[in-house]
Amino acid sequence: MKPRTLFSWMVRESRGAFGRFAFFVACLAVGVAAVVAIAGLAAGLDSGIRSEARQLLAADLAIESRRALPETFDLARLLPAGSRTAAMREMVTVVAALPKDGKPGRSQLVELKAVERGYPFYGKLAVLPALPLSALLAPDAAVVAPELIGALGLRRNPHERALDFRIGTANFHVAGLVSAEPDRVGIGTAFGPRVFVSMAGLERAGLIAKGSRVSYKTLIALPAGVPADRLDKIAEQLRAALPATEAYRVETFRQAQPQLRRSFAQVGRFLGLVALLSLFVGGIGVAQSVRAWLAGRLDAIAILKCLGLRPREVLTLYLGQTALLGLVGSLIGILLGAAIQAAIPHLFGDLIPAALIQPWQPGALLRGLGLGVGVALLFSLPPLAGLLRVPPSRVLRRDAEPLPVHRATAGFAFVALALGLLGLTFAQTQSLLLSAQFVGALSLATAILAVAATLLAKSIGRLPRFSSIALRHGLGALARPGAATVGAIVALGLGVITVLTMSLVERRISAELGRELPSNAPSAFLVDIQPEQWPGVRALLTRARADKIDSVPVVMARISSIDGRPIDRIAAERKERQDPEKEGNENREERGRRWALTREQRLTYLEKLPADNVVVAGKLWSDPARGEVSLEKSFAEDLGVGLGSKLGFDVQGVPLTLVVTSLRTVDWGTFGINFYLVVEPGILEQAPQQRVATAHLAPGSEQHVQDLLAAAYPNVTFLRIREILGKILGVLQRIGLGVRFLGGFTVLSGIAILAGAISAGSVRRGREVALLKTLGMTRRQVATAFAVEYALLGGVAGLLGAGTGAALSWGVITRGFELPWEPDFARLALAVVLSIGLSVIAGLAASVRALERRPIEVLRAE
Amino acid sequence: MTSTPRIELRRLFRRLPSGGRDLTILDGIDLSIAAGEFLAVLGPSGSGKSTLLALMAGLDRPSSGEILLDGRPIQALSEDGLARLRRAELGFVFQSFQLLGNLTARENVLLPLELLDSPGSGERADELLAEVGLADRGHHYPTQLSGGEQQRVALARAFATRPPILLADEPTGNLDGATGRKILEILLGLRERHGTTMVLVTHDPAVAALADRRIHLRDGRIELEERSAPLSESAA
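From first to last, the protein sequence lines stand for chains A and B.
3 is the number of the first residue of the first sequence in this note's numbering; add one for each residue after it.
494 is the number of the first residue of the second sequence in this note's numbering; add one for each residue after it.
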């Protein structure tokens, strides 16, 4: 057959089936919309970051590290003439209002940034008054985020020159307000408001001591017209010239914020999976629509075969028709998705920088199209396989039913479906492992729901007869062979599972994060305490009625070698094994391992381990002849070392070799002070060090203690665990909201499927209604019988979904988050009730036409 | 007779499994139909008439025996081979018309022509519709046509590709007497003009009387075979 003929046949075959295809299209469009919205958002953000990369780095190149550039390092020599550089320091610290009447002023944790003239080389700071930062930042001036004014309770006092407050040991006045900076974008990770000072100002504040947590950054702007490959070459030269290559990170704007993009990509990948789920659930609706459609086309197919259409051509005809419909559904979904994508930044403005998103993402639209048509074709394979077996002799004998599909054919169709889904998931996630897990879990959940629904439908027949005619009819309809019960229950159930699981997990974690900390857990961390300050800080805490005060020394060091092999070489080898541009799951782990090798490590030394540590291999401090170190087990795995390995350290310039003599597990949930690396006492005592401390404070007293500390020990950073948990909670809740929003699409697909299934049976329904009415049932009674049926269906889907969802969230909560499980019966019940309500509404809406028909119309047509 | 029969059945059996036992539908049929012959198949319900027709058309497969069309055995052909055979060699008329409800009358007639990719199929369809007296009804859907009109469309479709063989299953069974006679008239006229070999299944002895030869089936066997007098004699 000519393609043109085939095409015109496809179009003809669709005549008079628009009602039925509306569900096909709706099921697909909903899922495609979810996929497109997320893919578009993720891609829009990614390309936004790429195109704004220079502004986001505020430079062409940046060197970042935990140490200042060495004095001997001649940066200018390595840069082309005309390059500009600006140094930058960032740290988290506590600032305070000036003391008043002998009482300490209010204090606030802030993110301090000291900058040199030139910052930012690219992008704009939103500053009031609108002057260059360098003009505002006198050595005693600060430019702060507006919320700091309120947090410190600063008020313009007629006797004062301006708004004054204290950073470290020096007073500063607020010279301007900053509301946006080009190089600060993240998912709500800020510790506190921004404070800008000059380098001289930072010096005055006296915050930087040896071992303080400061990140050093040098921004470099190359003269105009330096080509891109030259930029990469310069970065390469810098990397080679810097002393300990892994301690300094050289980033170019062309890399476009790999970490930021990675974290957005991770969230995007997770949400993309949730969106994909709603598309797959839509696929069930597609399969159901196709099955119902074909059931009505058996005669036509027999005639076509009789007229000489080959089985292969029949399959091509209907597969082509499916593809055509898939295309229509996907296109509608794309339009919907693009609209949602455009709306989302307005809903999550503080989480996603709306200005950064590039709205036009043809790649996302194409992905939606591909996934939509793919799902349509894949899910219609099993029902279409039945076409091969429609006997053409049906034209002579109406009772010639389609032969059962060959086992091999059915098997092939399902294998093709499974492999296809795996392929589509891979296209969405780029990770084979994740795809396999996802498709596996989905298949399992579907199987559970399908088996349970089938058993239920069967067992209904064995129930005693109810006296209520509505109840009897409703139950009977569910159990009727060929009723689309199972498909509708599976689809709706999957929707319930998604929404409910996410909601349960999120609520459980919210409850955990939001609840009062356990009385034995510390409520505050104190970091950057100078050793000589510790007795005073301890006394202050004791006076403030803090208990469970604990403190350990911290020595910053880097691992320099493992078993004599230089760490840089090991890291480089591991890097070679991985393609750094790929962002798969496996890669993330590998990157974490590499980071474990080269990052700045915190070491402590202890005679005895805290109670939340358990030695699982070797023995603590068992070798008197050698310097020993004890490693946390999973950290040792990341490093790739074990008992007996020799770790070389660079303790701020001093080399040190320690041997691993024990491995520990740590219960991190106690919020105690714990370390991956614990060193035998007697080795690090003289190294430059700081102390960290934990304390438990009475609720409500934290601000007061912070104020006291800020006044007496301004270099000590006071972190409130409750507040930090609150920040994490905020981010979590937003992601949770996104997931539930997308999960809503799955429910929507489920509803569309239910409505589709009901309207597919509308001919039978009409006949049934006519018959019941003829026998004297009122319309109200018929509607009640229908409502009972849909309520039962929704109830079963809701119960099964709630059961599976509860089990799944139990797994996630107890295994994934290691929290005790607490059943949330109210939410489970709500899920069941909503499922019932939605299916009754959708069911009755889809049966309106059947209910409206007059008996004579139907009976006459027989 | 020296020329090859158009249709030849040799020791044809068709059995169906039914309740653990085989039900014999056709019980060793031997039949030979010459080119251009008009054969009527008579018999009560369940005697195997429709099955016989289905086997000749390759819509069903025999349990044993041979079916030859123009001397070529067809029982060994694949589904595809049978489909190709039907589209080129066979025309069908059914009791229940079997028009595609979502196609117009003209599109129904076009269907087999499109399958053969034959050029000028549009004109051919219009010509056929005119022949069956529906020249101005081509754009109507089957539901908009009366039973007799639907069967005329079916006749036009059956003759569209000028098939050498036409198989008709009770073509007047669903029509009232007058309409049925009209349809039969058209059918016979078309057959005459095209020189088509025709096998017609019917209950109606009056219809069967118009055939060159009649076979009576009972329980899957040919119970009686009778030949009409040559045309010249019957005309007398």
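C-beta: ideal position from N, C-alpha, C; glycine also.
**Prompt:** Can you give the Cα-Cα distance for tryptophan 11 of chain A and isoleucine 737 of chain A, rounded to whole angstroms?
**Reply:** Distance between the alpha carbons of tryptophan 11 of chain A and isoleucine 737 of chain A is about 47 Å.
**Asked** Given 8 Å as the limit, is there contact between the segment 357 to 374 of chain A and the segment 27 to 37 of chain A, that is, 3 or more CB pairs closer than that?
**Response** yes
**Request:** List in chain order: all unbroken beta strand (DSSP E) runs of 3+ residues lying wholly within the segment 25 to 105 of chain A.
**Result:** Segments of the beta strand (DSSP E) lying fully in the segment 25 to 105 of chain A: 63 to 67, 86 to 99.
**Prompt:** If you draw a straight line from the C-alpha of leucine 233 of chain A to the C-alpha of proline 683 of chain A, how long is it?
**Reply:** 47 Å
**Prompt:** Can you find a CB in chain A that lies within less than 9 Å of the CB of arginine 650 of chain B?
**Reply:** So yes, arginine 650 of chain B belongs to the interface.
**Asked** Using the beta-carbon count (16 or more within 10 Å), is glycine 813 of chain A buried or exposed?
**Response** exposed
**Prompt:** Hey, does glutamate 718 of chain B have any beta-carbon neighbour from chain A nearer than 9 Å?
**Reply:** no
**Message:** Would valine 631 of chain A and valine 681 of chain A be called neighbours here (beta carbons separated by less than 9 Å)?
**Reply:** yes
**Item:** Nearest to leucine 679 of chain A (by Cα), restricted to the options A:Thr672, A:Val32, A:Thr663
**Value:** A:Thr663
**Prompt:** From A:Ala833, A:Ala844, A:Ala613, A:Ile511, pick the residue whose C-alpha is nearest to that of isoleucine 815 of chain A; which is it?
**Reply:** Taking only the C-alpha atoms, the option nearest isoleucine 815 of chain A is A:Ile511.
**Request:** Put histidine 698 of chain A into one of helix, strand or coil per three-state DSSP.
**Result:** strand
**Prompt:** Is the CB of arginine 399 of chain A under 9 Å away from at least one CB in chain B?
**Reply:** yes
**Prompt:** From what residue to what residue does the beta strand (DSSP E) around alanine 619 of chain A run?
**Reply:** 615 to 620
**Beta-carbon proximity check, arginine 86 of chain A vs phenylalanine 255 of chain A, cutoff 9 Å** = no
**Message:** I'd like the list of long-range same chain contacts for glycine 376 of chain A, defined as Cβ closer than 6 Å, with 5 residues on each side in sequence excluded.
**Reply:** Leu426
**Test item: CB-CB of asparagine 667 of chain B and glutamine 591 of chain B under 9 Å** = no
**Request:** Alpha carbon to alpha carbon, how far is phenylalanine 266 of chain A from glycine 586 of chain A? Give it in angstroms, no decimals.
**Result:** A caution first: glycine 586 of chain A carries a pLDDT of 45, below 50, which makes its placement in the model too unreliable to give a value.
**Request:** Tell whether a beta-carbon distance below 9 Å holds between alanine 312 of chain A and aspartate 573 of chain B.
**Result:** The question names alanine, but residue 312 of chain A in the sequence shown is arginine. Contact: yes.
**Message:** With a threshold of 8 Å on Cβ separation, who are the neighbours of leucine 548 of chain B within its own chain once the five nearest residues in sequence on each side are excluded?
**Reply:** Leu502, Leu505, Arg507, Leu519, Arg554, Pro555, Ile560
**Item:** Alpha-carbon to alpha-carbon, leucine 606 of chain B and serine 614 of chain B
**Value:** 6 Å
**Message:** I'd like the list of long-range same chain contacts for alanine 387 of chain A, defined as Cβ closer than 8 Å, with 5 residues on each side in sequence excluded.
**Reply:** Cβ neighbours of alanine 387 of chain A within its own chain (closer than 8 Å, five residues either side excluded): Val407, Thr411, Ala412, Phe414, Ala415.
**Prompt:** For a contact meaning CB atoms closer than 8 Å, what does glutamate 572 of chain B contact in chain A?
**Reply:** Arg312, Pro313
**Prompt:** Short check: CB of valine 276 of chain A to CB of leucine 744 of chain A, under 9 Å?
**Reply:** yes
**Prompt:** When you compare each of A:Ala808, A:Leu731, A:Gln705 to arginine 722 of chain A by their alpha carbons, which one comes out closest?
**Reply:** A:Gln705
**Prompt:** So, is the C-beta of leucine 309 of chain A closer than 9 Å to a C-beta in chain B?
**Reply:** yes
**Item:** Proximity of alanine 60 of chain A and phenylalanine 123 of chain A at Cβ, strictly below 9 Å
**Value:** yes
**Message:** In whole angstroms, give me the CA-to-CA distance for glycine 670 of chain B and glutamine 568 of chain B.
**Reply:** 38 Å
**Item:** Cβ neighbour criterion (16 or more within 10 Å) applied to alanine 438 of chain A
**Value:** Under a 10 Å Cβ-count criterion, alanine 438 of chain A is classified as exposed, with fewer than 16 other Cβ atoms of the shown protein chains found around its own Cβ.
**Prompt:** With burial defined as no fewer than 16 other Cβ atoms inside 10 Å of the residue's Cβ, what is the status of alanine 341 of chain A: buried or exposed?
**Reply:** exposed
**Message:** Please give the ranges of any alpha helix (DSSP H) in the segment 532 to 610 of chain B, keeping only runs that are unbroken, at least 4 residues long and fully inside the region.
**Reply:** 542 to 549, 572 to 582, 598 to 608
**Message:** Tell me the rounded alpha-carbon separation between serine 642 of chain B and leucine 681 of chain B.
**Reply:** A small correction: the amino acid at residue 642 of chain B is glutamate; serine does not occupy that position in the sequence shown. The straight-line gap from Cα to Cα measures roughly 16 Å.
**Prompt:** Taking Cβ to Cβ, would you say glutamate 498 of chain B is nearer than 9 Å to alanine 527 of chain B?
**Reply:** The amino acid occupying residue 498 of chain B in the given sequence is proline; glutamate does not appear at that position. Yes.
**Message:** Less than 9 Å between CB atoms is the rule here; does serine 395 of chain A satisfy it with respect to chain B?
**Reply:** yes
**Asked** Any contact of the segment 774 to 793 of chain A with the segment 547 to 554 of chain A, i.e. 3+ C-beta pairs under 8 Å?
**Response** Cβ pair count under 8 Å is below three, so no.
**Request:** Using a Cβ-Cβ cut-off of 9 Å, state whether glutamine 591 of chain B counts as contacting chain A.
**Result:** yes
**Request:** Measuring only between beta-carbons, confirm whether glutamate 864 of chain A sits less than 9 Å from chain B.
**Result:** For glutamate 864 of chain A, the predicted structure reports a pLDDT of 41, less than 50, and the residue's modelled location is therefore unreliable. A value from the coordinates is still provided. Output row for glutamate 864 of chain A: interface = no.
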